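Residues are numbered in the working numbering as their position in the sequence shown, beginning at 1, plus a constant of 386.
All C-beta atoms, glycine included, are put in the ideal place defined by N, C-alpha and C.
All values reported here derive from a predicted model rather than from experimental measurement.
As structure tokens, the structure follows; a few thoughts come after it.
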Amino acid sequence: MYIFGGFNGQMLSDIIKFTPGSCGSMAEKCAANKCSLNLEKKACHLNGTKGVCPKKSASELRVLCERQTSCPSCLQNNYGCVWCGSLCAYKRCPKGKKENETEQCQQSDSSNCDKLHNCHACHTEFHCGWQTDHRCYTFVREAGNKTEKAVLSDNYRVKCDNSCSSRKTCKACLSGTCMWCISQQRCLETNAYAATFPLAQCTEWTTSKCTALSCGDFQTCKACQEHERCGWCDDGSNTGKGVCLDGSATGPLGPSHDVDANLCPAHNWYFTTCPRCQCNGHSTCLVNSSECLQPCQHRTEGTHCEHCISGFHGNPANGGNCTPCFCNNHGSLCHRETGKCNCTTKGIMGPNCDRCDEQNHYVGNPQEEGGTCFYNLSIDFQYTFNLSSEDYYQNINFMNVPIKVGNDVEFSISCSGRAYVNVSIGSDGDGEPVLLESRKCDNFKLPFYDEKHNFGSQNTTFFVYVFNFTTPFLLQISFSQHRALDLLQFFITFSSCFLSLLIIAAILWKIKQKYDLYRRRQQLFVEMEQMASRPFAGVTLEVEDPVKTLSDGAKQKQATPVALEPCASGKAAVLTLIVHMPTGGHERDSRALPLPAHLFRWALCARPQTWRPLRRMANQTVGNPAPTRAHASDSSLYAFDCLTVLL
387 MYIFGGFNGQ MLSDIIKFTP GSCGSMAEKC AANKCSLNLE KKACHLNGTK
437 GVCPKKSASE LRVLCERQTS CPSCLQNNYG CVWCGSLCAY KRCPKGKKEN
487 ETEQCQQSDS SNCDKLHNCH ACHTEFHCGW QTDHRCYTFV REAGNKTEKA
537 VLSDNYRVKC DNSCSSRKTC KACLSGTCMW CISQQRCLET NAYAATFPLA
587 QCTEWTTSKC TALSCGDFQT CKACQEHERC GWCDDGSNTG KGVCLDGSAT
637 GPLGPSHDVD ANLCPAHNWY FTTCPRCQCN GHSTCLVNSS ECLQPCQHRT
687 EGTHCEHCIS GFHGNPANGG NCTPCFCNNH GSLCHRETGK CNCTTKGIMG
737 PNCDRCDEQN HYVGNPQEEG GTCFYNLSID FQYTFNLSSE DYYQNINFMN
787 VPIKVGNDVE FSISCSGRAY VNVSIGSDGD GEPVLLESRK CDNFKLPFYD
837 EKHNFGSQNT TFFVYVFNFT TPFLLQISFS QHRALDLLQF FITFSSCFLS
887 LLIIAAILWK IKQKYDLYRR RQQLFVEMEQ MASRPFAGVT LEVEDPVKTL
937 SDGAKQKQAT PVALEPCASG KAAVLTLIVH MPTGGHERDS RALPLPAHLF
987 RWALCARPQT WRPLRRMANQ TVGNPAPTRA HASDSSLYAF DCLTVLL
């Protein structure tokens, strides 16, 4: 096999010979598909049957037939398909389905609306309609028990844009779903490329952009010659400068597409190769050398002087200029192609460092002379700034407005690396006097007194400038405002609170006393009520006067209880006795206290298990209100262990 031709802007006459491999070159095994191993000869030889295409199996043909959706496509192939009214089957139809021949295909079954891929082609069929999803649909209507194609009115059709073939410019062509052939300057449908240019007459096309489509838009020889219709005309300065023109191997082409030698001298025309020296017009090369002399001129750098130096931006290709970065004095470096500045102050943004990052609470005007952006700090909050990702930040500024009248302000700052701090203060109608200048930022606090600055009354504002740091950098900063400690006021307040607590405690103590007294009285009333509710009875006491005294040795009679009240448990009782005092009511000693002649005595005694009846009071019942006469000569009834109370 011989392959000849080639193209690099002009037709080439290269020839490539391709020789298929020989099966006999493989001694041990046959690796190729068309070779087979002869076991008798132990050699590999060409297998003739390998060159025959294998036949498709019945299952594969069945799948291919089922994929056909219309009567013509089902019958006009060599798969052995048959059309069964509404579906395509392999060789025979299912039961109940009738086979149709090609000429029996109904017109309704041959709808090809889904095959029409643009609006104009879709509307060539009366039953097809182009919709907003850029697809063509078949419209049918019901006719009894079947459907038939419907004639679609213009009201139901989407209005088509201009056809691709009617668009004469690249911009108009690419505004729709078209492709622009650059070499032929022609607009066509994207699916019509192969049919329109069967011999690849369109060597360059695009569907997205129209930039750099003319030869004059290319600035370097290499980029120029990547397009087969363009050639490079060198200016002869041995610096690489030139111009890209439409042309061919014989020379540049004029407006009438004829070679025009006046556009470029023949010895400066390069159609397939480039001049040896390519320094973009910013340097020269040594004789018979392609190396540019360094350093490059015109603020450029690179092996071919193709870049701007630091601090400048632009496109130095083919003699282009490099201009200084314009960053409003908030940066010195920028992107060397786009010119976007690398702002050195945190919070300043924009391609030219011309605005503040208001979304992140930075305020100010960096465009005015001496202007910058400040982060507005709230009072009594600590802020942490982690500057680790942006390696070009060197400064950050803060502002704070104390809002509390009469309170001092404490400023604190902590830096993780080497940096310096300036602190100034401003107010309405005043300048910005410096309070702290070029202080090393480590970790310190500064107080500012209200007596000197009148915080909160004259819109007093602190300005903090942190500068000359390198990232990564961590910063903590805060403004706090609190009252100074007044000792006199503290002691007055403390004494007032202490006395108030004492008075409250005294009042509570008196209230407790009153309450305890009230509880005791209430308890006494309850006891008296309980005592008053006990059973009682009257008794008549006969007292002999004068009282007879017992002589020595005479037997004394035991006392007789006047009343007996058993307790609820039955194991004890309360006895009431009458006792005759020794004095008998007569004073024998003037120094002794006078005593009554008789006393009542109550005794709580343990009740014995065995009772002896009263001899003279057997018929008297405790609780009987009838009076009872008791005699001192009566003998005692019981022996009790008693607790006695005299009244």
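Give me whichever residues DSSP pairs with residue i in a beta bridge.
i	result
residue 620	628
residue 748	761
residue 553	Note: residue 553 sits in no beta bridge, so no partner.
residue 951	960
residue 768	864
residue 831	798
residue 422	431
residue 638	633
residue 731	781
residue 400	391
residue 575	564
residue 709	699
residue 505	Residue 505 pairs with nothing; no bridge assigned.
residue 812	847
residue 592	566
Could you check what DSSP says for residue i in three-state terms: helix, strand or coil?
i	result
residue 824	strand
residue 514	strand
residue 645	strand
residue 544	coil
residue 412	coil
residue 801	strand
residue 430	strand
residue 877	helix
residue 789	coil
residue 666	coil
residue 458	helix
residue 836	helix
residue 1009	In this predicted model, residue 1009 has a pLDDT of only 38, less than 50, meaning its place in the structure is not dependable; the value taken from the coordinates is given anyway. Coil.
residue 1023	Any reading at residue 1023 needs caution, since the residue's pLDDT is 35, under 50, leaving its predicted position unreliable; the model's value is listed next. Three-state result, residue 1023: coil.
residue 520	coil
residue 779	coil
residue 443	coil
residue 687	strand
residue 582	helix
residue 601	helix
residue 884	helix
residue 679	coil
residue 773	strand
residue 920	coil
residue 741	strand
residue 363	Look at the range of the chain in this structure, 387 to 1033, and you will see that residue 363 is not part of it.
One question on the structure: do residue i and residue j come within less than 8 Å of each other, judged by their Cβ atoms?
i	j	result
residue 594	residue 560	yes
residue 892	residue 852	no
residue 716	residue 752	yes
residue 665	residue 678	yes
residue 567	residue 550	no
residue 702	residue 711	no
residue 714	residue 743	no
residue 695	residue 686	yes
residue 579	residue 588	yes
residue 961	residue 952	no
Taking all protein chains shown into account, decide if residue i is buried (16 or more other Cβ within 10 angstroms of its Cβ) or exposed.
i	result
residue 629	buried
residue 1035	With the chain represented from 387 up to 1033, any question about residue 1035 goes unanswered, as that position is not in the structure.
residue 553	buried
residue 468	buried
residue 404	exposed
residue 967	exposed
residue 391	exposed
residue 859	buried
residue 897	exposed
residue 878	exposed
residue 471	exposed
residue 1021	Residue placement at residue 1021 is flagged as unreliable, the pLDDT there being 34, under the threshold of 50; the coordinate-derived value follows with that caveat. Exposed.
residue 722	buried
Tell me whether residue i counts as near the ligand NAP, meaning its Cβ is closer than 7 Å to at least one heavy atom of that ligand.
i	result
residue 812	As far as ligands go, the structure on display features none, and thus does not contain the ligand NAP.
Decide if the region 756-772 is in contact with the region 851-864; the criterion is three or more beta carbon pairs, one per stretch, under 8 Å apart.
yes
Evaluate contact between the region 779-786 and the region 827-838, counting only Cβ atoms and requiring at least three cross-stretch pairs below 8 Å.
no
Determine contact between the region 700-707 and the region 605-612, defined as no fewer than three beta-carbon pairs at a distance below 8 Å.
yes
At a cut of 8 Å, does the region 534-542 reach the region 511-521 through at least three beta carbon pairs?
yes
So, do the region 644-661 and the region 614-628 have three or more beta carbon pairs nearer to each other than 8 Å?
yes
Determine contact between the region 795-803 and the region 817-834, defined as no fewer than three beta-carbon pairs at a distance below 8 Å.
yes
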